[in-house]
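Visitor:
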Amino acid sequence: MSYLAEYDSISPANTLQRIQAVSKWIRNRDDVRAFFAELRERRPIFFTPAFTFITKYEDVLEVLNRDDIFSVRLNGLKMDEAVGPFMLGRDRTAINYHDKSLMRLVLAREDLPRVRKLVSKITEEAVSASACSGEIELVKNIARRVPVKLCGAYFGFPGPDEESMFRWSKATQTDFFKNITNDPQIHQEAVQAGKELASYLTTLIAQKRKEIADNSQEHDNDVLTRLLLAEFPDQLGFKSDRLITNISGLLVGTVETTAQAVVQALEQILLHPGIGKSALKAAKADSLVEFDNIVWEALRFNPINPLVFRYTETDTLLAEGTEREVKIPQGTIVFACTASAMWDSNFVVNADQFRVGRPSHSYFHFGYAAHECLGKYVGMVMIPEIIRVLLLQNVSLIDGDKGKIDFEGDVFPSKFMVNIGK
Ligand code: HEM
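In this text, residue positions in the sequence shown follow this note's numbering: the first is 5, and each later residue adds one.
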């Protein structure tokens with residue numbers, strides 16, 4: 005039975021069962037591609053009792069471009085309490101416009117070669133510390149650990165210990181992006197994590213300010229120190245609370261996203277016949293452009309998120325002037341299915357094939373338009389570099405269930421065992 009036939013067979017009165025069915029299909033990577041393909045073909049704008057799926061490439065673009073109508077209001081409701089007013093919880097306000105500009109400046113593009121070298125070194129050290137009897141678990145030992153260490157080495161806040169950094173980032177990511185049913189317990193854990201993170205940062209910032217005052221000549225060259233060295237006039241409103249919120253956002257944004265992208269792209273590279281070999285060759289080349297392109301294409305086969313969600317602020321027409329033109333009522337939660345857009349053959353040529361070097365508009369790994377990822381360029385060196393170091397250490401898949409990415413019932417990957425050095 006097709007997905008839509010199964011959906012339609014559930015009584016419209018049984019809204020819970022209908023929602024549960026679509027939720028299961030978008031969470032299961034064996035279903036999600038086929039489900040989206042069927043929607044693009046038969047019901048590209050698909051209303052369910054809880055949310056509306058937008059699946060065609062051009063409609064995903066329309067939703068994400070129209071941030072005045074399709075807003076991130078729902079993020080704001082959760083984020084404000086946990087980390088304070090943040091760019092990803094606001095549209096067209098001074099907060100997201102100014103803060104993003106400022107944070108882009110201190111995350112300087114010129115740093116990227118240094119970041120790549122740092123990531124390489126941190127990954128090599130993490131591998132040496134964790135490989136055991138020809139096997140290694142990648143999620144905790146590498147894919148989460150490297151971004152946390154980069155928080156210390158580049159963003160300028162190492163955290164009190166690794167476990168707290170893991171817990172803070174996971175609790176906030178889970179609540180902000182995976183807690184669709186608004187479970188109060190999950191939200192409370194994020195609020196608590198945000199409090200602990202703010203308290204840690206307050207102490208660290210006071211220490212750093214003192215170090216800066218005591219030593220006016222030499223300063224650390226990290227993102228937090230750059231912000232502390234900058235002097236902003238009061239009328240810009242960039243005071244300690246804004247600083248803490250934005251620095252918190254670096255941790256929240258970095259860890260689980262990178263970890264998931266690393267394990268899912270690596271698995272695809274190793275699964276696709278012939279790709280592992282060409283990736284290893286490209287990993288040793290002078291230019292890493294080809295290698296990085298392999299990683300982005302691999303991630304397209306299993307992206308970290310099937311979608312980003314938005315809240316509809318006023319009644320509006322979507323896909324106006326096309327056969328599928330439809331009114332989206334105020335209050336609708338729309339799912340801009342970025343993964344579906346990446347598999348839409350009308351815009352991504354031969355989308356079912358593994359093709360290296362696709363044009364950049366084939367990818368939505370880092371979102372699109374107003375809320376495009378702040379850490380995009382850091383992520384674009386960190387993710388491939390971690391994978392490159394692993395491939396150079398001869399990682400390969402372990403046969404059977406033991407070698408599959410395991411979520412252990414959670415919303416993020418939790419375990420991925422691979423062979424190493426064999
Ligand atoms: C490297 C460290 C990272 C940092 C500091 C970071 C931070 C952020 C921030 C602050 C935003 C919100 C931007 C805004 O509202 O204007 C954002 C958005 C986003 N990030 Fe990242 N991020 C990082 C890595 C990643 C990675 C590795 C991925 C996926 C591979 C990713 C995927 C996204 C996506 C899809 C969005 C858009 C969300 C939406 O439109 O609702 N990020 N990121």
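Using N, Cα and C, we set each Cβ at its ideal position, and we do this for glycine too. Being a predicted model, the structure only gives us computed values, none of them experimental.
Quick check on DSSP: helix, strand or coil for A340?
Guide: strand
Visitor: How should M5 be labelled, buried or exposed, when 16 other C-beta atoms within 10 angstroms of its C-beta is the threshold for buried?
Guide: exposed
Visitor: How about L109: is its Cβ closer than 8 Å to a heavy atom in the ligand HEM?
Guide: no
Visitor: So which of L20, A25 and A17 has the shortest CA-CA distance to A9?
Guide: A25
Visitor: Could you compute how far the alpha carbon of I391 sits from the alpha carbon of M421?
Guide: 14 Å
Visitor: For H375, which option in K104, F236 and I279 has the closest C-alpha, if you only look at C-alpha atoms?
Guide: K104
Visitor: Please confirm whether V382 and G253 have their CB atoms less than 9 Å apart.
Guide: The answer is no: Cβ separation not under 9 Å.
Visitor: Between which two residues does the alpha helix (DSSP H) harbouring N18 extend?
Guide: No alpha helix (DSSP H) contains N18, which DSSP labels as neither H nor E.
Visitor: With 16 as the cutoff for other CB atoms within 10 Å, does H369 come out buried or exposed?
Guide: buried
Visitor: Check each candidate in D290, F39, V266 and I298 and name the one with the smallest Cα separation from K281.
Guide: Relative to the Cα of K281, the nearest Cα in the group D290, F39, V266 and I298 belongs to I298.
Visitor: Assuming I146 and T320 are in contact, meaning their beta carbons sit under 8 Å apart, how far apart are those beta carbons, in whole angstroms?
Guide: Contact doesn't hold; Cβ gap of about 44 Å is too wide.
Visitor: Assuming F57 contacts L43 (C-beta within less than 8 Å), just tell me the rounded distance between them.
Guide: 6 Å
Visitor: Quick check on the burial criterion: 16 or more other C-beta atoms within 10 angstroms. Buried or exposed for D403?
Guide: exposed
Visitor: According to DSSP, is L43 part of a helix, a strand, or is it coil?
Guide: Helix, per DSSP.
Visitor: Can you grab the Cα-Cα spacing for the pair F181 / K174, in whole Å?
Guide: 11 Å
Visitor: Given a cut-off of 9 Å on the beta-carbon distance, is the pair G379 and G198 in contact?
Guide: no
Visitor: Buried or exposed for A210, please, with buried defined as at least 16 other CB atoms from any protein chain shown within 10 angstroms of its CB.
Guide: exposed
Visitor: How about R213 and Y158: are their beta carbons less than 9 Å apart?
Guide: Going by beta carbons, R213 and Y158 fall outside the 9 Å limit.
Visitor: With DSSP collapsed to three states, give me the class of T316.
Guide: Per DSSP, reduced to three states, the secondary structure at T316 is strand.
Visitor: Which residues in the same chain have their Cβ closer than 8 Å to the Cβ of K28, if we skip the five residues on either side of it in sequence?
Guide: D35
Visitor: Just verifying my parser: in three-state terms, what is the DSSP assignment at N427?
Guide: Here the chain has residues from 5 to 426 only, and residue 427 is not among them.
Visitor: For the candidate residues I14, L92 and D84, whose alpha-carbon lies nearest to that of F313?
Guide: L92
Visitor: Using CA coordinates, which residue listed in M107, L233 and F170 is at the minimum distance from I251?
Guide: M107
Visitor: Would you call the region 48–62 in contact with the region 343–351, where contact means no fewer than 3 C-beta pairs closer than 8 Å?
Guide: yes
Visitor: Select from D414, K419, G425 and N423 the residue whose C-alpha is nearest the C-alpha of Q177.
Guide: D414
Visitor: For the ligand HEM, is there any heavy atom lying closer than 8 Å to the beta carbon of L65?
Guide: No, the Cβ of L65 stays beyond 8 Å of every heavy atom of the ligand HEM.
Visitor: Would you please state the rounded distance, in angstroms, between the beta carbons of N398 and K426? I believe it to be under 8 Å.
Guide: About 6 Å separates the two Cβ atoms, so the contact holds.
Visitor: How big is the Cα-Cα spacing for Y101 and C377?
Guide: Y101 and C377: Cα-Cα distance of roughly 13 Å.
Visitor: Please list, in chain order, all residues of the same chain as D245 whose beta carbon is under 7 Å from its beta carbon, the five residues on each side excluded.
Guide: Correct list, in chain order: G88.
Visitor: Taking only the alpha-carbon atoms, compute the straight-line gap between V195 and G325 and give it to the nearest angstrom.
Guide: The C-alpha of G325 is placed about 44 Å away from the C-alpha of V195.
Visitor: Roughly how many angstroms lie between the CA atoms of Q21 and P310, to the nearest whole one?
Guide: 21 Å
Visitor: Just the Cα atoms here: how many angstroms apart are E294 and A286?
Guide: C-alpha separation (whole angstroms): 6 Å.
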